[in-house]
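In order, the protein sequence lines correspond to chains A and B.
Residues are numbered in our numbering as their position in the first sequence, beginning at 1, plus a constant of 17.
Residues are numbered in our numbering as their position in the second sequence, beginning at 1, plus a constant of 1360.
Beta carbons: idealized from backbone N, C-alpha and C, even for Gly.
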Amino acid sequence: MMPRSNPTVSLARLIVVWPLFVAATLNAADGQSYDEPKVTDEDRDHWSFQPIVRVCPPAVKQGSWPENSIDRFVLDSLEQVSLSPAPQADRATWLRRLKFDLQGLPPTREEIISFQADTAVDADARLVDRLLASPAYGERWAQHWLDLARFAESDGFEHDLVRGEAWRYRQWVVDALNDDMPYHRFIESQIAGDLIDSGADAIATVFCMSGPDMPDINEQDLRRHDRLNELTSTIGASLLGLQLHCCQCHDHKYDPISIGDFYRVRTIFEGAIPELKRGEMPITLARQPAPLSPRIYHRGEIGHPGQFVKPRPPRIVRPVPDEETFDSGDPRQAFVRWLFHQDNPLTARVIANRVWQHHFGDSLCENPNDFGIVAAGPSHPELLDWLATEFRDQDWSLKRLHRVIVLSAAYRQASYCDGESEISAKHFARSVAKDPDNDFLSRFPRRRLEGETLRDALLCVSGQLNTQYGGPSVMPPLPPELLSTLLKDQWRTSNARGDHVRRSIYVFARRNLRYPMFEAFDRPDAGATCGRRDRSTTAIQSLLMLNGDFTFEAARQLRDVVLRPVLSSASGEEVQPAARVNLTAGQWHESIDRLYFRVLGRAPTDFEMGTLADWRDSSDRGSGDALLLVCVALLNSNEFLYID
Amino acid sequence: MPPTPVPGNGRRSFLLSAGGGFGGLALAAMGSPMGRAAASAPRRNSWYSADRARVKRVVWLFMHGGPSHMDLLDPKPELARLAGQPIPPSFGGVKTRRAVSQNPLLGPVKPFRPHGQSGLEISEFLPQIAKHADDLCVIRSMHGDSVNHPQSVYQMNTGSILMGRPSVGSWVAYGLGSECEDLPSFVVLPDPRGGLKGGPPAWGNGFLPASYQGVTMRAGDQPILHLRPPAGLSQRDQRRTLDLLQLLNREHLRSRGGDDELEARIEAYELAFRMQVAATDLVDFSDETAATLDRYGIARRETQDFGQRCLLARRMLERGVRFVQVYSGNTAGWDAHSNVLGNHNQHCLATDQPISALLEDLKRTGLWDDTLVIWGGEFGRMPMSESGTGRDHNPWGYSLWLAGGGVKGGMAYGATDPVGLRAVERPVHVRNFHSTILHLLGVDPEALSYFHNGLGERLIGPADGVEVVTEILT
């Protein structure tokens, strides 16, 4: 198996073949004719349009390594290029990885100690179940979905008006994930929630309406046109892994998707968005008496309407839609049925790939939002199909999919050589040399914390985190220099101090101003669906972490929370730690030990202990102050910012 | 031809190969304080040609709200003649933001005079800028696509009326990298009163990595957010902390060799430290003479703010910042719906003198020849009156000017119709204006692209027919 299938071959084929098809000429309503390219069987040869195949996990040589089927696929591909998997990460590393991964939080000292002590064979599985059952799981994973939903709680553009009820959608996502709502139901609610029985799920359709909006525009028909096109592009990229957006103006240059396909998909939603009026801001879908403008718009311009079209999915994707259900019932419900039809090759692959991506940092495909011709296909196609099948067979349960992934041996690999064993050193030298991009997963990929997780981690290790669940969004304080770039009253700092230290998922998402730490650490701008964040390293991040009040306050709280038990155990009573307190060598030692557990989830090494003791001795300040600086350093350290 | 597909490589080798194959430019970009993007550093600089490059840097004076071309840069005697009458039907219908199309025409509110050797006509609103007439290249036939502020602010800054595309400054930071070791490549100096219509997305990075977005700076003690240690941490303690941090980071890296992201972060902290010094030095005007400060109008209330920011812009250009934007105008800005004379008096008074000083300094310091100066808003204004003495938005025809390296001075290019309603002669769409900026920087606008969503996405936009306005180039 070749990792990252090279797209050149199929690309070349398409360039030759695609434009040469005899095109069907359709008569446009206003006389503009449109030659729609046909879709051929050859187009469907592309991997992602092929049916999902249930594959038997392959036989492998190193039979003792695999813990489940995932590992057989991973190991098979490693063995084919004479590589072997990395040694296991130690349990503390695995715990930290898992906790950040599933909950976006660092493990506590107590968790580390009790997990280390739990030697039962099912200890790992019980831990995974416990982490998945916690509300913190939904608070972590909701952001992944909200990136795709280009979610923000304001319009953007000039006035950036607040969408007062938008937070309910954020909460709906958090709750749905915590309830392990089956994925088909999760999507059905977001596309057609207003049509389900009581319509209680109508708030879920904010997914469709979550893009930027300019309610005060003169041309309200243009506003509606732009919103529909934006929604169609989002549906394509997020649910189907297809870049439909290119086709709002013209037939896709490489993928077998036409402008007709784009506007057919758009027409599915035509009947759900009312005629817009100036100043009105609908944020959910609602069935309308009749679809307004089910047509093609040449060059994507409202001034160039073409022929009428019927609501249909893109022709390239199987199954052939049941036209009756699209034409007689509500096409959104028909579309959901089509998405989750047994023969649909994209829906399950796209989401399985995303789940994998968030566990392993990179997705199996080059671009999780593009399963088309140009982007590189999956590095492990059979594994992807196995995950998709498994997901479908397990009632579309995301939690079960997480479980099987994180309990694999692949997920248990170390990300680096701990330096103690020669075998390990050899392995990593070879892994880095032969698999520099880690395409074969010959080690665990190291990852930087995302901005939201970094903030949560800072709050958590410093003992400040308020774990209150749900409710309207909060506004923590912002630097005054930033406030001045906004219009008046666009950011009203929450009154309650406790609201300033809620989890990041509850921080108000203003489209025109991302919270500084989120922005600096690559949160997408909610202008378009985002399936994969950038991962930049900048001096602006360093300034924010080194000089920002938020980190410094976390460092101060961290010092106090570390010192408190150290000082009280010495005097027998609770002592309020002061900056200039002088610690005995033993107290310093204990403080550093506690500090390392809190921040890095491990005990300090002898080297570190020695370095810090020297450093303290060279300080002309009280130990309390010296400890504060150690806290600042640790909160800025690569080990804190990265997950091994 | 399709773009060259990126062969199956993950992001890490991507970076490493960028270092090797991209030469000095990529290295410069990586060494920039804005750091590097792990995901997609430019693979090759097929878009840049040193032979074509006429300038190295850009300063863009953005008159937010929409300055009135027929009162500043585009003399319209015919409009004066028809003042008070409705617009003749021969001009056809026009889309407007407010219902002004049937309102009586408003004649130019200030007289124009020819200036310099060239005789370029500029109104009495701008007496100081007018002294540089022979250096200005006025484009009188600009046009865009929206009558709304935020859409036009986005279009002027990003090429698209939609929200969320990368801004021109970010294109340039990405496409050319940094010339400066310890300041960002793309700096924005917003009006301190805030309220840009469209907000910070106007200088956003869109789908480009965050390291290319505009960094906002301001005059005064805290020019960049988080530039100074927090209260309670001295400079000396900060350095000690940093030394400890880097010691721990290097120890951490020792067993994780080959991870360039970790190394980059170690480097980023050193850059951040240097930036504290460099940015502090940047905003410290104590090495400027009293005469200089006076020329920028820093001692006078009306000109103090914009003067400070123009001087800051000059100091940035001297230090190698690639792209500087200086905004004039808070929420209302130049948006003279009710009283063009009053509004423009105020804004011209605030900006005319400082801009003139900036132009002088660029000449004097030798930066002129490789700096491009841009002056303009997101659109112009209508010939019809609004509320008697005001004017509504006009994206269909308006003016802006360029100066500096590579552009002809003393020139008026293109024309609007006799009342200034639409660009009619040699019209310049915003997209072609952008492509001309790129061209002057040595960048092929058709080639500048970023690998995104499976395609090498052209930053100038997907539309065909991108043109450089070659007639204005020297």
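- Message: Does chain B have any CB closer than 8 Å to the CB of A:Ala556?
- Response: Yes - at least one Cβ of chain B is within 8 Å of the one on A:Ala556.
- Message: Could you give the first and the last residue of the continuous alpha helix (DSSP H) run that contains A:Met562?
- Response: That run of the alpha helix (DSSP H) goes Ala556 to Asn564.
- Report all residues from its chain with a CB closer than 6 Å to the CB of A:Ala369; omit the five preceding and five following residues, and keep chain order. Correct list, in chain order: Leu404, Ala405 and Phe408.
- Give a yes or no on whether the C-beta atoms belonging to B:Val1700 and B:Thr1663 are separated by under 8 Å. Their beta carbons are not under 8 Å apart, which means B:Val1700 does not touch B:Thr1663 by this criterion.
- Task: Could you list which residues in chain A have their beta carbon closer than 7 Å to that of B:Val1637, in chain order?
- Result: None at all; the shortest Cβ gap to chain A is about 12 Å.
- Item | A:Asn655 - DSSP class collapsed to helix/strand/coil | Annotated three-state conformation of A:Asn655 is helix, per DSSP.
- Query: Would a check of beta-carbon distances place A:Ile234 closer than 8 Å to chain B?
  - Reply: Judged by the 8 Å Cβ criterion, A:Ile234 is in contact with chain B.
- Message: Does B:Tyr1810 come out as helix, strand or coil in the three-state DSSP assignment?
- Response: DSSP places B:Tyr1810 within a strand segment (E or B) once states are collapsed to three.
- Task: Determine the DSSP secondary structure at B:Leu1387, reduced to helix, strand or coil.
- Result: Its pLDDT being 31, under 50, B:Leu1387 is placed unreliably in this model, and the value from its coordinates should be taken loosely. The answer is helix: DSSP assigns B:Leu1387 an H, G or I state.
- Taking just the CA atoms, how far does B:Glu1806 sit from A:Cys648? In a straight line, the C-alpha of A:Cys648 is about 50 Å away from that of B:Glu1806.
- Distance between beta carbons of A:Ala545 and B:Gly1524, contact taken as under 8 Å: Confirmed, about 6 Å.
- Query: Hey, would you say B:Ala1490 sits closer than 8 Å to B:Ser1478, going by beta carbons?
  - Reply: Going by C-beta atoms, B:Ala1490 is not nearer than 8 Å to B:Ser1478.
- Spatial distance of B:Ile1797 from B:Phe1683 (CA atoms): The straight-line gap separating the alpha-carbon atoms of B:Ile1797 and B:Phe1683 is approximately 11 Å.
- Could one say the Cβ of A:Gly121 lies closer than 8 Å to chain B's Cβ atoms, at least one of them? Closer than 8 Å to the CB of A:Gly121 there is not a single CB belonging to chain B.
- Message: Classify B:Thr1830: buried if its beta carbon has 16 or more other beta carbons within 10 angstroms, exposed otherwise.
- Response: By the neighbour-count definition (other C-beta atoms within 10 Å, threshold 16), B:Thr1830 is an exposed residue.
- Query: In three-state terms, what does DSSP make of B:Trp1756?
  - Reply: Judged by DSSP in its simplified three-state form, B:Trp1756 adopts coil rather than helix or strand.
- Query: Using 8 Å as the limit for Cβ to Cβ distance, is B:Gly1384 near chain A?
  - Reply: Low local confidence applies: a pLDDT of 25 at B:Gly1384 is under 50, so the model's placement there is unreliable, with the coordinate-based value given in what follows. Chain A contact via Cβ: absent.
- Among B:Gly1453, B:Pro1714 and B:Asp1804, which residue has its Cα nearest to the Cα of B:Ala1651? It is B:Pro1714.
- Message: Using 8 Å as the threshold, is the C-beta distance between B:Val1779 and B:Lys1436 below it?
- Response: In this structure, B:Lys1436 lies closer than 8 Å to B:Val1779 by Cβ.
- Under the rule that 16 or more other beta-carbon atoms within 10 Å means buried, what is A:Leu646, buried or exposed? A:Leu646 is buried by the Cβ-count criterion.
- Rounded C-alpha distance that separates A:Arg71 from A:Leu575: Rounded to whole angstroms, A:Arg71 and A:Leu575 show a C-alpha spacing of 51 Å.
- Task: At 9 Å on the CB atoms, spell out the chain B contacts of A:Arg463, in chain order.
- Result: Neighbours of A:Arg463 on chain B, chain order: Arg1616, Asp1619, Glu1621 and Leu1622.
- Simplified DSSP assignment, three categories, for A:Trp508: In this structure, A:Trp508 counts as coil in the three-state DSSP scheme.
- Query: Taking the DSSP output, what are the residues bridged to B:Gly1750?
  - Reply: B:Gly1750 pairs with B:Glu1746.
- Starting from the beta carbon of B:Asn1609, find every residue of chain A whose beta carbon is closer than 7 Å, and list them in chain order. Here the neighbours are Ser654 and Asn655.
- Message: Using only the alpha-carbon positions, how far apart do A:Asp344 and A:Ala193 sit?
- Response: About 30 Å.
- Can you find a C-beta in chain B that's less than 8 Å from the C-beta of A:Asn599? No, because no Cβ of chain B sits closer than 8 Å to the Cβ of A:Asn599.
- Message: Among B:Leu1801, B:Leu1543, B:Ala1696 and B:Ala1628, whose alpha-carbon lies nearest the alpha-carbon of B:Arg1837?
- Response: Residue 1837 of chain B lies beyond the range of chain B shown here (1361 to 1834); nothing can be said about it.
- Item | Three-way DSSP call (helix, strand, coil) for A:Gln105 in this model | Note: A:Gln105 maps to strand in three-state DSSP.
- Message: Let me see if you follow: with CB-CB separation under 8 Å, is B:Ala1586 close to chain A or not?
- Response: Reading off the sequence shown, one finds His at residue 1586 of chain B, where the question assumed Ala. Yes, contact with chain A.
- Query: In chain B, which residues lie with their C-beta within 9 Å of the C-beta of A:Cys434?
  - Reply: Counting only Cβ-Cβ distances below 9 Å, A:Cys434 has contacts in chain B at Ser1615, Arg1616 and Gly1617, in chain order.
- Query: Taking just the CA atoms, how far does B:Phe1793 sit from B:Val1828?
  - Reply: Between B:Val1828 and B:Phe1793, the C-alpha separation is close to 7 Å.
- Limits of the unbroken alpha helix (DSSP H) element including A:Pro497: It spans Pro497 to Leu500 - the alpha helix (DSSP H) in which A:Pro497 sits, taken as one unbroken run.
- Query: What did DSSP end up calling A:Met198 once you bin it into helix, strand or coil?
  - Reply: In the structure shown, A:Met198 sits in coil (DSSP, three-state: anything other than H, G, I, E or B).
- Cα separation between A:Thr555 and B:Tyr1629? The alpha-carbon atoms of A:Thr555 and B:Tyr1629 are separated by roughly 8 Å.
- Please check if any C-beta of chain A sits within less than 8 Å of the C-beta of B:Ala1398. Reliability fails at B:Ala1398, whose pLDDT of 34 lies under 50, so the model's placement of it is uncertain and the value that follows must be treated cautiously. Yes, B:Ala1398 lies at the interface with chain A (some Cβ there is under 8 Å from its Cβ).
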